[in-house]
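There are 2 protein chains.
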Amino acid sequence: MPLPRTWRADLIAGAVVAVLLIPQSLAYAMLAGLPPQVGLYASLLPLLAYAALGSSPVLGLGPVAVLALMIAQALGGLPAGVTPTEGALVLAAEVGLLLGAAALLRLDSLSSLLSVPALRGFESGATLMIAASQVPVLLGSRAAGFTLPELLLSATQGGWGLASALWGVAAVAALLAARRLRTRLLARLAPLVLLVGAMALSAFTPAAGGVAQVGALPSLALPLGLPRLEAALWLQLLPAAALVALMGFVSSLAVSESLAQRRGEKLLPAAEMRGLAAANLVASVSGGMPVAGSFSRSILLHEAGSQSRLSLVFVAVFMLLAMLLLAEPLAHLPKPVLAATIVVAVLGGFSLRHYEEAWRYARAEGLLMAAVTAAVLLWSIGAALALGVVGSIALLIQRTARPHVARIGRVPGTQHYRNVERYAVECRPEVVGLRIDESLVFTNARGLSDVVLAHVREQRASIGAPQRVLLLMAPVNHIDVSGLTALQELHAALQVEGLRLEFSEVKGPVLDRLKAVGWLERYDVSLYLSHHEGIQAGEHELRPSQADRDAPGQL
Amino acid sequence: MPLPRTWRADLIAGAVVAVLLIPQSLAYAMLAGLPPQVGLYASLLPLLAYAALGSSPVLGLGPVAVLALMIAQALGGLPAGVTPTEGALVLAAEVGLLLGAAALLRLDSLSSLLSVPALRGFESGATLMIAASQVPVLLGSRAAGFTLPELLLSATQGGWGLASALWGVAAVAALLAARRLRTRLLARLAPLVLLVGAMALSAFTPAAGGVAQVGALPSLALPLGLPRLEAALWLQLLPAAALVALMGFVSSLAVSESLAQRRGEKLLPAAEMRGLAAANLVASVSGGMPVAGSFSRSILLHEAGSQSRLSLVFVAVFMLLAMLLLAEPLAHLPKPVLAATIVVAVLGGFSLRHYEEAWRYARAEGLLMAAVTAAVLLWSIGAALALGVVGSIALLIQRTARPHVARIGRVPGTQHYRNVERYAVECRPEVVGLRIDESLVFTNARGLSDVVLAHVREQRASIGAPQRVLLLMAPVNHIDVSGLTALQELHAALQVEGLRLEFSEVKGPVLDRLKAVGWLERYDVSLYLSHHEGIQAGEHELRPSQADRDAPGQL
Chain G
102 MPLPRTWRAD LIAGAVVAVL LIPQSLAYAM LAGLPPQVGL YASLLPLLAY AALGSSPVLG
162 LGPVAVLALM IAQALGGLPA GVTPTEGALV LAAEVGLLLG AAALLRLDSL SSLLSVPALR
222 GFESGATLMI AASQVPVLLG SRAAGFTLPE LLLSATQGGW GLASALWGVA AVAALLAARR
282 LRTRLLARLA PLVLLVGAMA LSAFTPAAGG VAQVGALPSL ALPLGLPRLE AALWLQLLPA
342 AALVALMGFV SSLAVSESLA QRRGEKLLPA AEMRGLAAAN LVASVSGGMP VAGSFSRSIL
402 LHEAGSQSRL SLVFVAVFML LAMLLLAEPL AHLPKPVLAA TIVVAVLGGF SLRHYEEAWR
462 YARAEGLLMA AVTAAVLLWS IGAALALGVV GSIALLIQRT ARPHVARIGR VPGTQHYRNV
522 ERYAVECRPE VVGLRIDESL VFTNARGLSD VVLAHVREQR ASIGAPQRVL LLMAPVNHID
582 VSGLTALQEL HAALQVEGLR LEFSEVKGPV LDRLKAVGWL ERYDVSLYLS HHEGIQAGEH
642 ELRPSQADRD APGQL
Chain Z
102 MPLPRTWRAD LIAGAVVAVL LIPQSLAYAM LAGLPPQVGL YASLLPLLAY AALGSSPVLG
162 LGPVAVLALM IAQALGGLPA GVTPTEGALV LAAEVGLLLG AAALLRLDSL SSLLSVPALR
222 GFESGATLMI AASQVPVLLG SRAAGFTLPE LLLSATQGGW GLASALWGVA AVAALLAARR
282 LRTRLLARLA PLVLLVGAMA LSAFTPAAGG VAQVGALPSL ALPLGLPRLE AALWLQLLPA
342 AALVALMGFV SSLAVSESLA QRRGEKLLPA AEMRGLAAAN LVASVSGGMP VAGSFSRSIL
402 LHEAGSQSRL SLVFVAVFML LAMLLLAEPL AHLPKPVLAA TIVVAVLGGF SLRHYEEAWR
462 YARAEGLLMA AVTAAVLLWS IGAALALGVV GSIALLIQRT ARPHVARIGR VPGTQHYRNV
522 ERYAVECRPE VVGLRIDESL VFTNARGLSD VVLAHVREQR ASIGAPQRVL LLMAPVNHID
582 VSGLTALQEL HAALQVEGLR LEFSEVKGPV LDRLKAVGWL ERYDVSLYLS HHEGIQAGEH
642 ELRPSQADRD APGQL
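Those sequence lines, one after another, are chains G and Z.
Just so we're on the same page, this note's numbering is the position in the first sequence counted from 1, plus 101.
Just so we're on the same page, this note's numbering is the position in the second sequence counted from 1, plus 101.
Following this line, the structure appears as C-alpha cells:
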C-alpha cells in the first residue's frame, strides 16, 4: 500500500531533520551541563505533544542552543543533593505551566515587548557566549563560566590538553570543509558522519587516550515520572523558568511566523503557545530538558518539504531508532568533537550585519542591540533581557516625548499644505496653521502649549498678527487624558493672547471620544473637514454641533 | 520716597500670602510629625533662595501638604538617636542635591513620566490621607498611621477626648462658616484670625484643660548648620528623597506652568528645577523641612497681584515679623485647631470630578487614577507613584499595540480616501488601499502582516483579485527597527501572494530614514506623493530614486 503523497513528503523531511537533530540534541544537552540522554529524551515525546496541539507544520521542536545556555545558567546554583537532570525536569515543568497559564490568560501579546533589537542583540550575545563556552571543551581545558570574565578568569587557572585540542581542531576543520561541499545532502549529513566516524576512531584506536568522552548512557528506557516536587527548588528556578518560557516562545514564534508568511499559511500564536506548553510539560515527565523551536531545524523542515506536523512524528521515530543504535558506541564519542559541532553550528548563524543595519537606520536602536549583546557576555541573561525590554520602552517613550509640530502653508495652486521649513509655501497672516505629527499623550503633552506658542510668535514676527490657530490633526492617532488636559491649557493660553483654537481633519476614533464628553462644545473649538477649508474660512461656517460624522467626506 | 508701583503690588501680595502661610507652615510641620518651628524656618530663607534662582513670579514656595505627608512616612522608620527634625534636614538636603543633579543633567523632561491621571490620582489620595490622619488629632485621639488600615487599627485601641473634640469641631465649623463670607479678604484672614483667637482663648481661660497644645518654641534664632552627615541615614532616606523631589518638582511645575500660560509668560522648567534645588538646600542648612510650590498659595500670589519674585521676599519678611510676635502665644495653641485648618484646607481642593471626567473620556485612565488613589490610602506613597508611572506606560503601550489599519476607498468625485467601513466609497479591485493609523514600532510590528493580509483576503472575496497593496503612510510618524523588519516581512508575504507593496504620502522624517539605508530601492517599493495618484497609477510612474525631497508638493 503506497503512502499518501503528503505522508511521503513528511517522512523524508522527518529523516532529514533527524540527521541534524541527533548531534544537536547530544551537544545542547552537554552545553546545558546535562547528560547526553536528557537531550535525546527531549527529542522524543515532546515532539509528539507539539504535533498534537501546535499549529505550525514546520516548527523544528526540540533542544535549542540559546535555551541550553539559559538552562546551564539556571542550574548553576542548585542546592546540594539535586542533580542537574532533576533541576532541568523541574525547569521544563515550570516552563510548561507558565506557557499554559499564559495561553489561558491570552498573554501571547506580551511577547511583543521584546523588540527586534532586543531579540537579535540577545540571540547574538547568546551565540557568542555559547561558542566561547565550548572553546575550552574543544581544547581540553577545564575552564568554565557563564560570562566572559568568569570564563577568562578560570582559563588562567587551567591548562589545556594536546590530544583533546587535536580532536577538536580536526573536527572544526572537517565541519568547515563539509560546508563547502556542492551536494547539499552531503553537507547536511556531515555532522552525523563526523560523529559516527569519531566514535569509531575513538573506540577502535588508542587515539583517544586522555580525551574526555561522552560516557556510557544509562538504560534508554524512558524515565517516565513526575519531576521533584520541592517548593524551595521550584521557587528558586521560577525566575529562570519565566525567562526560558519567554525566550522559547518568542524565538519559536519568530521562526514559525516568518515561515508561515513565506508559505502563505496563517499561524495562531495562541495555538503555538499551547503546543509549546504541552511539549515542555511532556518533557518534564519523560526525562527531557526544556524545548522550543529551533531556527535551523525549522528552516530545514520547510526546505525538505514538510507538509504537516506529521513530519515531527517521523522525526521522533527516527530519533528512537538512532538512540537504539547509538546507545553503545556513544560512550566513546570524544567531547571535543561534540563541542566542535556546537561551535560551527552556532557561529554559522552569527553576523555583524544586524548591528550595522540597525545602527545605520537608527543609532539608538543599534546601540541598544549592542548593549544587550554585551550584557549577555558580561553580566547575565536575565539582566540582558531586562535591559532589552526596558531599553526598548525607554526609546519608544523618548521618541514620542518630542512631538514634531510643523508650521504648514499652502503649496501654491493646490489644496495641499506642507512644512514651511521644507517647502516654498504660502501662509495667510490671520491663521497659524500647524500640523501635530504625533499622538497627544502624557509623554509629550506638557510641551504642547510651549511649542504652539513659539510658532505663533514666529508667525507674528514674520508675517503679521494672527487671529486663529488651526491644528491639522490627521496624524494624531490618540489623545489620552493628559493630552486632553494639554489641549485645555493650550485653549486657555491662546485665549489670553486673543487667539481662537480650531481643529481640522480630526480622525474618526479621536473625534468620537471628544464628542462623547462634549469637549468641542465646551471649549467652543471649531472643526473643519479639511485643513484647506479651515484656512480659507473667514467665518466659522461649520460648528461641531452641526458636524455629522456619518456623512461622507468627513474624517 | 514712594515705592515703585510693582514693589507696592509685590508688598501687598506678600502680605496676603503670609497670612495664609503662617497657619499652613505650622500645620504642615505638625502633619509631617515635626515641631512647628521647622515649618516656620522652611518659610524664611528658602523663599529668598527661590527668589534668587527660580523663574516664576507667582510660585507660592514653602511647606506643602502632600510633601508633608510624604515626609511623615519617610521619617517613620528613623534609627534610634535621630530626631525627626534631623531626619527632615537630611531629607531636604537630599531633595536639593537630587534636583540640582537633575537640573545639571537636564533631566527635567523625566517629570513627563507622571501622567495627568497618575498625578491627580496621587494628589487626591494624598489629600484624603492627610484629612484622615488629622481626624484623630481633631478628636483628641492618639490614633495614628500612614495608611487607612493602620489608622483604623490604631483607632480601635485609643479613645478620644471630649475637650479636644469640642475645640476641633468648633474650629472646623468656624472655618466652614468663614468660607461663606462675602468679603474675600475676611474669608482669607479667617485661618489666621482663628489661630490668634484660639491662642488667646486657650491662654487666658481654663477651657484648654486636657487639650494637646503646640507647646513653647525654642529660641527662634535660625539654627544654621549642616545636616547630620551619616552615610547610613542618608542612604536610608534616599528613596523617599527621590519621591519627594519628583513630586515636589512635578506639582510645582504644574501650577507655575498653568499660571504662566494664564499670565502670558514663558516658564523655564530647568530654572524652576534650579530654584527648587536651591530652596531645599537652603532649607536643609537653616532648620527647615523640604519645600515646594503650593497650589493654593500660588493662585493667591497671582490673584493678589504679584509682579515679580520680590513678593516672595516680602512673604519672608512678614513671616519673620509673625514669628517674633507669635513665639510666646503659640505655646498655647490647641492642636485640634491646627488640625482643623489642615482638614478644611485640603478637603477644599478634593473633588470627584477629575475621576468622573477621566472615566467618561477613557475608562482605563479613570481606573488608573482611582487605583493610584487607592494605593496611597491602602499601601504606600512609593507604591502609588510607581503604580502611576508603570500603569501610564502600560496603557500607552497597550494603545499602540493594536494598530488601526483601515481599508480606504475614494469618496466619489473627490481625491479624498476614507474608511470603507464608515463611508460609502469606491474601491478599485486591482489595488488594496490601506491607511496605517499608527507609528510602526515594536509594540505593534509583529501583527502588521496579519492585519494587512486579512484586508487583502477581504477585498479578494468581495470585489476581485488585487495586484498591488498601497499603504497610505501619512499617519505613520515613526518606523523603528522592529517596524522596518515587519515591513520587510510584509513585503515577503505579499510577494508569495503575487502582490506588489507600495507606499503613498510618506512623511519627510520617515522618508529620510528609509532613504538613508536605501530601503525603498532594495525592496523595490514604489512611492507616490498622494494616495490618489497611487491608486490611479496603472504603471509605477514615480520611482523613489527619482523623487526629489526638496521639490514642493512632496511630503
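Glycine included, every Cβ here is placed at the ideal spot set by N, Cα and C.
Bear in mind the structure is a predicted one, so any value in this text is a computation, not a measurement.
When secondary structure is reduced to three states using DSSP, P435(G) falls in the strand class. Taken through DSSP and simplified to helix, strand or coil, V570(G) comes out as strand. Contact between the stretch 191-202 of chain G and the stretch 406-419 of chain G is absent, with fewer than three C-beta pairs closer than 8 Å. When 7 Å is used as the limit between beta carbons, V159(Z) is near no residue of chain G, the shortest such separation being about 14 Å. Per the coordinates, the alpha-carbon of V351(Z) lies some 46 Å from the alpha-carbon of A393(G).
Distance from E429(G) to P328(G) at the Cβ level is roughly 29 Å; contact not present, criterion being Cβ atoms closer than 8 Å. With contacts defined by Cβ atoms closer than 8 Å, I564(G) and L535(G) do not form a contacting pair.
In chain order, H455, M470 place their CB closer than 7 Å to the CB of R221(Z), counting only its own chain and leaving out the 5 sequence neighbours on each side. Two segments are said to touch when three or more pairs of C-beta atoms, one from each, lie closer than 8 Å; by this definition the stretch 444-464 of chain G does not touch the stretch 321-340 of chain G. When the five nearest sequence neighbours on each side are left out, the beta carbons in the same chain lying within less than 6 Å of the beta carbon of V473(Z) are those of A219, G222, F223, A485, L488, G489, in order along the chain.
When beta bridges are read from the DSSP output, F604(Z) appears opposite L572(Z), L628(Z). Look at R508(Z) here: in three-state DSSP terms it is strand. By the neighbour-count criterion, in which 16 or more other beta carbons inside 10 Å mark a residue as buried, D581(G) falls on the buried side.
Residue environment analysis places R109(Z) among the exposed positions, since fewer than 16 neighbouring C-beta atoms fall within 10 angstroms of its C-beta. Nearest C-alpha to S255(G) among G262(G), M348(G), L282(G), A244(G): A244(G). For S359(G), the nearest beta carbon of chain Z is closer than 8 Å to its own beta carbon. Around the beta carbon of V532(G), a 10 Å sphere encloses 16 or more other beta carbons of the protein chains shown; the residue is thus reported as buried. Residues of chain G with a Cβ closer than 8 Å to the Cβ of A575(Z) are, in chain order, A575, P576. Against chain Z, the CB of P567(G) has no partner CB under 8 Å away; the residue lies outside that interface. Counting only Cβ-Cβ distances below 8 Å, Q125(G) has no contacts in chain Z at all, with the closest Cβ about 26 Å away. Assignment of E527(Z) by DSSP, reduced to helix, strand and coil, places it in the strand class. Looking at the backbone, the Cα of L541(G) and that of T248(G) are separated by about 43 Å. The shortest CA-to-CA distance from A143(G) to any of L162(G), P158(G), S157(G) is the one to L162(G).
Within the stretch 405-472 of chain Z, the alpha helix (DSSP H) runs of at least 4 residues that lie entirely inside it are, in chain order, 411-427, 436-448, 454-462.
When secondary structure is reduced to three states using DSSP, G534(Z) falls in the strand class. Closest option to M420(G), judged by alpha-carbon separation, among P147(G), A361(G), L132(G), P105(G): P147(G).
K367(G) counts as exposed, since fewer than 16 other C-beta atoms from the protein chains shown sit within 10 angstroms of its C-beta. Residues are counted here when their Cβ sits less than 9 Å from a Cβ of chain Z; for the stretch 535-550 of chain G these are D538, E539, S540, V542, F543, T544, N545, A546, R547, G548, S550, given in chain order. Comparing alpha-carbon positions, the option among L612(G), A594(G), H433(G) lying closest to A575(G) turns out to be L612(G).
L479(G) and L252(G) have their C-alpha atoms some 10 Å from each other.
The beta carbon of E527(Z) does not come within 8 Å of any beta carbon belonging to chain G, so the residue lies off that interface.
Counting along the chain, the unbroken beta strand (DSSP E) around L162(G) starts and ends at 161-163. Comparing C-alpha distances from I172(G) to each of V238(G), V570(G), L339(G), Y518(G) shows the shortest one belongs to L339(G).
DSSP, reduced to helix, strand and coil, places Q125(G) within a helical segment of the structure shown. Under the Cβ criterion of 8 Å, I494(Z) is counted among the residues facing chain G. In the same chain as R280(G), and ignoring 5 residues on each side of it, the C-beta atoms closer than 7 Å to its own belong to A288, in chain order.
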